[in-house]
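In the UniProt record's numbering, the protein residues as written are 1 to 79.
Okay, so here's the structure we're looking at.
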């Protein structure tokens, strides 16, 4: 595992210490690694949503009602 030296602001360091003191994590390193994993997972979700939005924007506009759009979406989920 790569070893790094990083600095934290006072409030962030206190928050990290509190999480470890509350036994949420066994060390600051474990906590920081977990936060990074969470951020990476969020980025994957954001990227997925961005791709879906871009695809939707490129598909154009519709005159369908919201009920028709909902029905079409539900039918595609069942495919």
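Yeah, the Cβ is synthetic: ideal placement off N, Cα and C, and Gly gets one too.
Is residue i helix, strand or coil by DSSP?
| i | result |
| --- | --- |
| residue 2 | coil |
| residue 67 | helix |
| residue 57 | helix |
| residue 41 | helix |
| residue 155 | Lying before the first or after the last residue shown, residue 155 is absent from the chain, which here runs from 1 to 79. |
| residue 62 | coil |
Is it the case that the Cβ atoms of residue i and residue j are separated by a distance below 9 Å?
| i | j | result |
| --- | --- | --- |
| residue 13 | residue 25 | no |
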